[in-house]
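In my numbering, the protein residues as written are 11 to 638.
Idealized CB from N, CA, C, for every residue including glycine.
Accompanying notes for the structure given below.
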């Protein structure tokens with residue numbers, strides 16, 4: 011049936027990489043629509059297209075280049091993982107993370123080795139090698155899972171940091187364990203311990219140097235041309251990784267992580283474009299790698315494990331991981347719900363697959379038996395943990411009540427006087443309001459009014475994380491820059507899944523149709539001169555007044571909303587109180603009888619304001635009555 015495919019020479023290095031890239035992207039798109047963990051579809055696709063399936067992908071035609079590709083891809087993946095770690099949160103959870111990646115790694119190693127020895131009935135050498143391979147979890151699987159589940163910040167920090175750092179430590183431990191296992195002796199064990207320490211130390215030092223160099227170049231004006239920051243950081247990741255490996259083999263993973271950590275937490279420039287580039291590149295590389303690695307695995311390697319293989323996977327997930335977590339989190343301040351969730355989430359990822367493939371190749375070259383079974387069980391652990399934990403993690407987080415709360419307060423982009431006045435209206439309803447602005451003077455003035463203010467670029471992911479954007483009811487973009495307002499709203503909706511975003515259309519800089527395309531709302535229902543109203547409020551020539559809609563208006567008067575152009579410098583509708591509900595005015599608002607709206611009004615034309623509103627069926631309301 012597939013003779014026409016075999017007539018074409020697909021088994022060239024270039025075609026192998028191209029097919030793996032294409033299949034990787036297609037598999038991840040399919041997984042997204044099926045709402046399944048992407049790695050599961052990638053593994054199935056790789057096996058299906060490999061020699062035991064349709065015989066389309068032959069990774070071995072790449073020769074030694076396969077491991078070079080794997081190495082550089084892992085460097086980018088872990089560099090990006092390091093960039094995403096928040097240093098402030100990392101320090102808060104440092105004791106727990108440190109224990110998980112040291113004591114926890116040893117517990118997992120020993121526990122998994124015992125499972126392999128007594129469940130699979132392997133010899134001690136093979137069991138110990140297997141145990142070293144399943145130490146790692148990894149950001150490639152933990153990151154997407156956490157983005158979907160959105161657990162509280164403590165758990166997120168612990169799982170993200172554990173996934174990144176355990177990859178470096180686990181990879182070094184596994185390689186040293188393999189070296190010692192080939193020629194076991196007391197002297198080799200002692201040398202192995204020294205090699206672990208030296209490789210990690212060299213990786214940290216080289217990573218600090220590489221990351222610091224990157225930050226220096228990025229901060230030094232005009233050294234790195236505008237628009238080349240993304241390519242430059244990618245180059246730094248690869249050079250740092252390879253330089254560290256040149257000094258000490260297998261130290262490059264730690265170097266890439268540390269360099270990413272430095273760049274992500276020290277460089278003060280906008281990181282959003284760089285992070286997006288790295289994330290997209292990571293998605294592409296993960297897809298390609300898993301397809302290539304899965305294609306090296308024969309179905310017979312997995313099916314030959316039988317029921318014992320499933321029991322081994324269950325024992326690692328249900329016994330070894332919980333023992334590790336509860337020992338490492340003793341007196342950590344985490345409650346039993348958080349510990350239980352940590353115990354359940356430990357999916358294995360790309361590093362485990364890559365090292366298992368490397369070990370399999372070396373064992374075949376040296377004539378050591380058991381490589382097929384070991385690699386098959388590692389891939390079964392990857393598939394089982396990713397599939398089961400990925401499908402049940404969300405439900406378990408809800409049952410254990412460890413999700414971040416949703417619908418809590420507002421984030422306003424801008425700390426001008428109009429933003430402050432809007433924030434004060436929202437605060438009267440009991441909502442927390444956070445302001446973001448890059449102007450230190452405006453930030454200081456807002457703080458004196460009792461607001462929590464974040465000083466910095468609102469498009470910087472670290473600022474948005476500090477604002478806990480994904481827990482908010484809505485975001486409000488209220489800068490006198492319509493373009494930035496729209497970018498902030500789009501980022502909030504698309505990346506942080508905020509339920510609603512309101513955009514101020516300052517002086518027609520953007521159109522209502524453009525706002526609608528981004529799925530945001532038009533703040534105040536029409537365009538507004540932000541500078542004018544902020545200036546009026548600062549000079550006390552404007553005020554906030556409550557008006558109740560009576561449901562009637564004079565026959566000749568037009569409707570109130572949207573506010574006509576000739577009245578936009580007279581009144582500005584801000585917030586609606588409807589029974590117990592409180593919401594912002596947007597282009598879709600239609601007043602109902604007894605709605606109370608807080609208007610920002612021009613005080614120097616009070617008579618005109620009163621006449622305009624009364625003619626449209628509004629009656630002034632006492633502030634006390636409106637609040638009640």
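Kindly indicate which residue of 602, 217, 363 has the alpha-carbon position closest to the one of residue 557. Mapped onto the chain shown, residue 557 falls at position 547. The residue from 602, 217, 363 with its alpha-carbon nearest to that of residue 557 is 602.
Does the segment 503-512 come close enough to the segment 528-543 that 3 or more CB-CB pairs lie under 8 Å? Below 8 Å, enough C-beta pairs join the segment 528-543 and the segment 503-512 to call them touching: three or more.
Taking the alpha carbon of residue 251 as the point to measure from, which residue in 224, 217, 583, 271 has its own alpha carbon closest? Position 241 of the chain shown holds residue 251. Per the C-alpha coordinates, the member of 224, 217, 583, 271 positioned closest to residue 251 is 217.
Is the beta carbon of residue 412 closer than 7 Å to that of residue 129? The residue you call residue 129 lines up with position 119 of the chain shown. The residue you call residue 412 lines up with position 402 of the chain shown. No, they are not a contact pair.
Where the beta strand (DSSP E) containing residue 554 begins and where it ends: For the purposes of this step, residue 554 is identified with residue 544 of the chain shown, where counting begins at 1. Counting along the chain, the beta strand (DSSP E) containing residue 554 begins and ends at 552-559.
Tell me the rounded alpha-carbon separation between residue 306 and residue 141. Against the chain shown, residue 306 aligns to sequence position 296. Against the chain shown, residue 141 aligns to sequence position 131. Between the C-alpha atoms of residue 306 and residue 141 there is a straight-line separation of about 21 Å.
Check this for me: beta carbons of residue 206 and residue 182, under 7 Å apart or not? Stepping through the chain shown from its first residue, residue 206 is reached at position 196. Stepping through the chain shown from its first residue, residue 182 is reached at position 172. Yes, they are a contact pair.
In the structure shown, what three-state DSSP assignment does residue 365 receive? Residue mapping note: residue 365 aligns to position 355 of the chain shown, counting from 1. Here residue 365 sits in helix by DSSP.
Mind reading off the beta-carbon distance from residue 339 to residue 418? Whole number of angstroms is fine, and I expect it under 8 Å. Numbered from its first residue, the chain shown carries residue 339 at position 329. Numbered from its first residue, the chain shown carries residue 418 at position 408. Taking the Cβ atoms as the reference, residue 339 lies roughly 27 Å from residue 418, outside the contact range of under 8 Å.
Buried or exposed: where does residue 598 fall if 16 or more other Cβ atoms within 10 Å of its Cβ makes it buried? Counting from 1 along the chain shown, the entry for residue 598 is found at position 588. With fewer than 16 Cβ atoms within 10 Å of its Cβ, residue 598 is classed as exposed.
Can you grab the Cα-Cα spacing for the pair residue 120 / residue 165, in whole Å? Along the chain shown, read from residue 1 onward, the residue named residue 120 stands at position 110. Along the chain shown, read from residue 1 onward, the residue named residue 165 stands at position 155. Rounded to the nearest whole angstrom, the C-alpha separation of residue 120 and residue 165 is 25 Å.
How many angstroms separate the CA atom of residue 300 from the CA atom of residue 83? Here the question's residue 300 lines up with position 290 in the chain shown. Here the question's residue 83 lines up with position 73 in the chain shown. A straight line joining the alpha-carbon of residue 300 with that of residue 83 spans about 11 Å.
Report the start-end ranges of each beta strand (DSSP E) in the segment 562-624 that is 3 residues or longer and not cut off at the edges. Runs found: 581-588, 591-594, 606-612.
Return the CA-CA distance between residue 406 and residue 353, expressed in angstroms with no decimal places. The count along the chain shown starts at 1 and reaches residue 406 at position 396. The count along the chain shown starts at 1 and reaches residue 353 at position 343. Across the structure, residue 406 and residue 353 are spaced so that their CA atoms are roughly 11 Å apart.
Between the Cα of residue 464 and the Cα atoms of 445, 479, 470, 458, which residue gives the shortest distance? Numbered from 1 along the chain shown, position 454 holds the residue referred to as residue 464. Ranking the options by Cα distance to residue 464, first place goes to 445.
Let me check understanding here. Comparing Cα to Cα, which of 184, 425, 472, 440 lies closest to residue 548? Translated into positions along the chain shown, residue 548 becomes position 538. Comparing alpha-carbon positions, the option among 184, 425, 472, 440 lying closest to residue 548 turns out to be 425.
Which whole runs of the beta strand (DSSP E) in the segment 134-204 are 3 residues long or more, in chain order? Runs found: none.
Whether residue 536 touches residue 585 by CB criterion (7 Å): Taking the first residue of the chain shown as position 1, residue 536 is located at position 526. Taking the first residue of the chain shown as position 1, residue 585 is located at position 575. With contacts defined by Cβ atoms closer than 7 Å, residue 536 and residue 585 do not form a contacting pair.
Rounded straight-line distance, which links the Cα of residue 348 to that of residue 454: The sequence position of residue 454 within the chain shown is 444, counting from 1. The sequence position of residue 348 within the chain shown is 338, counting from 1. So the two alpha carbons sit approximately 37 Å from each other.
Do the segment 105-124 and the segment 288-297 touch if we need at least three Cβ pairs shorter than 8 Å? Counting Cβ pairs under 8 Å, fewer than three are found: no touch.
Just tell me which of 469, 452, 471 has its CA closest to the CA of residue 462. The sequence position of residue 462 within the chain shown is 452, counting from 1. If you compare the alpha carbons of 469, 452, 471 with that of residue 462, the shortest gap goes to 452.
Near residue 71, which residues of its chain fall below 8 Å by C-beta distance, leaving aside the five closest residues on each side in sequence? Taking the first residue of the chain shown as position 1, residue 71 is located at position 61. Counting only Cβ-Cβ distances below 8 Å, and skipping sequence neighbours, we find 21, 22, 23, 26.
Going by alpha carbons, who is nearest to residue 551 out of 576, 614, 583, 502? For the purposes of this step, residue 551 is identified with residue 541 of the chain shown, where counting begins at 1. Cα-wise, what sits closest to residue 551 is 614.
Once the 5 residues before and after residue 331 are set aside, which same chain residues still bring their CB inside 6 Å of it? Counting from 1 along the chain shown, the entry for residue 331 is found at position 321. Within the same chain, residue 331 has close Cβ partners 353, 356.
Alpha-carbon spacing of residue 498 relative to residue 583, whole angstroms: Taking the first residue of the chain shown as position 1, residue 498 is located at position 488. Taking the first residue of the chain shown as position 1, residue 583 is located at position 573. Take the alpha-carbon of residue 498 and the one of residue 583: they are about 22 Å apart.
Output the distance between the C-alpha atoms of residue 626 and residue 593, rounded to the nearest integer angstrom. Here residue 626 corresponds to residue number 616 of the chain shown, with the count starting at 1. Here residue 593 corresponds to residue number 583 of the chain shown, with the count starting at 1. Rounded to whole angstroms, residue 626 and residue 593 show a C-alpha spacing of 21 Å.
Contacting residues, own chain, Cβ-Cβ under 6 Å from residue 274 (five flanking each side not counted): Taking the first residue of the chain shown as 1, we reach residue 274 at position 264. 93.
Tell me whether the beta-carbon of residue 59 lies closer than 7 Å to the beta-carbon of residue 69. Position 49 of the chain shown, counting from 1, holds the residue named residue 59. Position 59 of the chain shown, counting from 1, holds the residue named residue 69. Not in contact: residue 59 and residue 69 (Cβ atoms no closer than 7 Å).
Just confirm the distance between the C-beta atoms of residue 388 and residue 364, as a whole number of angstroms; I'd bet it's less than 8 Å. Counting from one through the chain shown, the residue named residue 388 turns up at place 378. Counting from one through the chain shown, the residue named residue 364 turns up at place 354. Contact doesn't hold; Cβ gap of about 10 Å is too wide.
With distance defined between alpha-carbon atoms, name the residue in 297, 254, 380, 258 nearest to residue 315. The residue given as residue 315 occupies position 305 in the chain shown. When each option's Cα is compared against that of residue 315, the closest is 380.
Nearest to residue 117 (by Cα), restricted to the options 95, 236, 133, 145: As a first step, residue 117 is located in the chain shown; it is residue number 107 there, counting from the start. Nearest option by C-alpha distance: 145.
C-beta atoms of residue 323 and residue 391 nearer than 7 Å: Taking the first residue of the chain shown as 1, we reach residue 323 at position 313. Taking the first residue of the chain shown as 1, we reach residue 391 at position 381. In contact: residue 323 and residue 391 (Cβ atoms closer than 7 Å).
Residue of 237, 193, 95, 248 minimising C-alpha distance to residue 220: If you number the chain shown from 1, residue 220 lands on position 210. Among 237, 193, 95, 248, the Cα nearest to that of residue 220 belongs to 248.
In the structure shown, what three-state DSSP assignment does residue 248 receive? Mapped onto the chain shown, residue 248 falls at position 238. Look at residue 248 here: in three-state DSSP terms it is helix.
Collapsed DSSP secondary structure at residue 45 in the structure displayed: To locate residue 45, count along the chain shown from 1; it is residue 35. Reduced to three states, the DSSP call for residue 45 is coil.
Considering just the uninterrupted stretch of the alpha helix (DSSP H) at residue 461, what are its terminal residues? The sequence position of residue 461 within the chain shown is 451, counting from 1. Per DSSP, residue 461 belongs to no alpha helix (DSSP H) and is neither H nor E.
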